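S.K.: Numbers in my numbering are just positions in the sequence shown, counted from 1, shifted up by 35. Below you'll find the structure I mean.
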Amino acid sequence: VVGADGAESAVRRALGVDRNPPGHLAVALRAYAPAPAGTPEQRLMLTAEGWPAYAWSFPIGDGRANVGYGEVLAGAPVSRARLLARLTELLGIPADALQACRAHHLPLSSWRPAHRDGRVLLAGDAASLINPFTGEGIYYAVLSGALAGAAALNGAGAGVVYRRALRRQLGRHLRHTTAAAALAGRPAMADAGVRAAAADQRVFDDLVELGLGQGLLTLRTAGRTAGRATTRAATEASQAALHRVLART
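In structure tokens form, the structure reads like this:
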């Protein structure tokens, strides 16, 4: 059995695996809206309120845009009304222009259930495979689903094969995304990372691959970001996180 049934996975519950704890669980509201007039563009609107949090707008080619807002849950639940209010405020879209609004949880990979031996495997969101740095999960879902499908051919040995395959493909990367998310949790460091990416295409490419693929927190990116940090505490945090990552690499 491959449990690829999302963040509220019934297969995961049947295995007795708890939901991700606060700080390792995000929530997002996604909708569709008319795309802004003019040249199509992608927009990301970062906000200090509820940080880490951001709104997005991506044109999808049919005159509409995929829009949404998400934030990490630190404790108390976040209402749908709040998510909707933040989306409309940050993107300047009236609520009555939104279609197909849907809220969902995002279990972050900074807290993942152990993959057990046996014939029951968890993939994608059900396995808490959501990038804690960006909230992206499609890449992990496709990769883990393919690995689980291949491992299932091993019968009772599927769990061992799958666990090893995930570790080989994503283990190092997931450690780096956890470190990057910890850094981005400090607004000064997030700002420094954005400015470093704007100044150096290689840093930009590193961060895109880290956030959307299987990239790593490179020495170049960590160094450029630390160099643009505006506070001593932020610089020290960057250096400490980098040392932790390198020690386990």
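Just so it is clear, CB atoms sit at the ideal spot from N, CA and C, and this is done for glycine as well. What you are looking at is a predicted structure, and each value in this text was computed from that prediction instead of being measured.
Out of 195, 146, 93 and 43, which one is the CA nearest neighbour of residue 212?
M.R.: Locating residue 212 in the sequence shown gives position 177, counting from the first residue. Looking at the Cα atoms, 146 is the closest of the given residues.
S.K.: Which of the three DSSP states, helix, strand or coil, is assigned to residue 168?
M.R.: If you number the sequence shown from 1, residue 168 lands on position 133. Coil.
S.K.: Identify whether residue 284 lies in helix, strand or coil by the three-state DSSP scheme.
M.R.: Numbered from its first residue, the sequence shown carries residue 284 at position 249. Any answer about residue 284 is weak, because its pLDDT of 45 lies below 50 and its placement is not dependable; what the coordinates show is given next. Residue 284: coil per DSSP, three-state reduction.
S.K.: What number of angstroms, rounded off, separates the C-alpha of residue 164 from the C-alpha of residue 81?
M.R.: Here residue 164 refers to the residue found at position 129 when the sequence shown is read from its first residue. Here residue 81 refers to the residue found at position 46 when the sequence shown is read from its first residue. Their Cα atoms are separated by approximately 23 Å.
S.K.: For residue 189, count neighbouring Cβ atoms within 10 angstroms of its own Cβ and tell me buried if that reaches 16, exposed if not.
M.R.: Indexing the sequence shown from 1 puts residue 189 at position 154. By the 10 Å Cβ count, residue 189 comes out exposed.
S.K.: For the stretch 82-94 against the stretch 193-210, do three or more pairs of beta-carbon atoms, one drawn from each stretch, fall closer than 8 Å, so that the two count as touching?
M.R.: Touching, no, given that fewer than three Cβ pairs across the two stretches are closer than 8 Å.
S.K.: With a floor of 3 residues, list each beta strand (DSSP E) that falls wholly inside the stretch 56-116, ordered by position along the chain.
M.R.: List check, beta strand (DSSP E) in window: 60-69, 78-81, 88-94 and 99-107.
S.K.: Which partner residues of residue 134 appear in the DSSP bridge assignment?
M.R.: In the sequence shown, residue 134 corresponds to position 99, counting from 1. Answer by DSSP bridge pairing, in chain order: 67.
S.K.: Alpha carbon to alpha carbon, how far is residue 72 from residue 91?
M.R.: Mapped onto the sequence shown, residue 72 falls at position 37. Mapped onto the sequence shown, residue 91 falls at position 56. C-alpha separation (whole angstroms): 16 Å.
S.K.: Classify residue 255 as buried or exposed, calling it buried when 16 or more other Cβ atoms lie within 10 Å of its own Cβ.
M.R.: Here residue 255 is taken as the residue at index 220 of the sequence shown, counted from 1. It counts as exposed.
S.K.: If we count Cβ pairs, one from each stretch, closer than 8 Å, do we get three or more for the stretch 215-225 versus the stretch 178-189?
M.R.: No: the two stretches stay apart, fewer than three of their Cβ pairs being nearer than 8 Å.
S.K.: Fully enclosed by the stretch 158-234, which alpha helix (DSSP H) runs are 4 residues long or longer?
M.R.: You should have 173-186, 193-219 and 222-234.
S.K.: How should residue 106 be labelled, buried or exposed, when 16 other C-beta atoms within 10 angstroms of its C-beta is the threshold for buried?
M.R.: Position 71 of the sequence shown, counting from 1, holds the residue named residue 106. So residue 106 ends up on the buried side.
S.K.: On the DSSP bridge list, what partners appear for residue 32?
M.R.: Since the displayed the chain opens at 36 and closes at 284, residue 32 lies outside it and no answer follows.
S.K.: Around the Cβ of residue 95, are there at least 16 other Cβ atoms within 10 angstroms (buried) or fewer (exposed)?
M.R.: Mapped onto the sequence shown, residue 95 falls at position 60. That one is exposed.
S.K.: Compute the Euclidean distance between the alpha carbons of residue 93 and residue 99, then round it to the nearest angstrom.
M.R.: Within the sequence shown, numbered from 1, the residue matching residue 93 stands at position 58. Within the sequence shown, numbered from 1, the residue matching residue 99 stands at position 64. Residue 93 and residue 99: Cα-Cα distance of roughly 9 Å.
S.K.: Taking the alpha-carbon positions, what's the residue 60 to residue 233 distance?
M.R.: On the sequence shown, position 25 is the one that residue 60 refers to. On the sequence shown, position 198 is the one that residue 233 refers to. Cα-Cα distance, rounded: 29 Å.
S.K.: Along the chain, where does the alpha helix (DSSP H) that runs through residue 259 open and close?
M.R.: Looking up residue 259 in the sequence shown gives position 224. 254-263 is the span of the alpha helix (DSSP H), which, as asked, contains residue 259.
S.K.: Is residue 126 closer than 8 Å to residue 102 when the C-beta atoms are compared?
M.R.: Sequence index remark: in the sequence shown, residue 102 carries index 67 (1-based). Sequence index remark: in the sequence shown, residue 126 carries index 91 (1-based). Their beta carbons are under 8 Å apart, which means residue 102 touches residue 126 by this criterion.
S.K.: CA-CA distance, residue 108 and residue 41?
M.R.: Your numbering for residue 108 matches position 73 in the sequence shown. Your numbering for residue 41 matches position 6 in the sequence shown. If I take the Cα positions, the gap works out to 18 Å.
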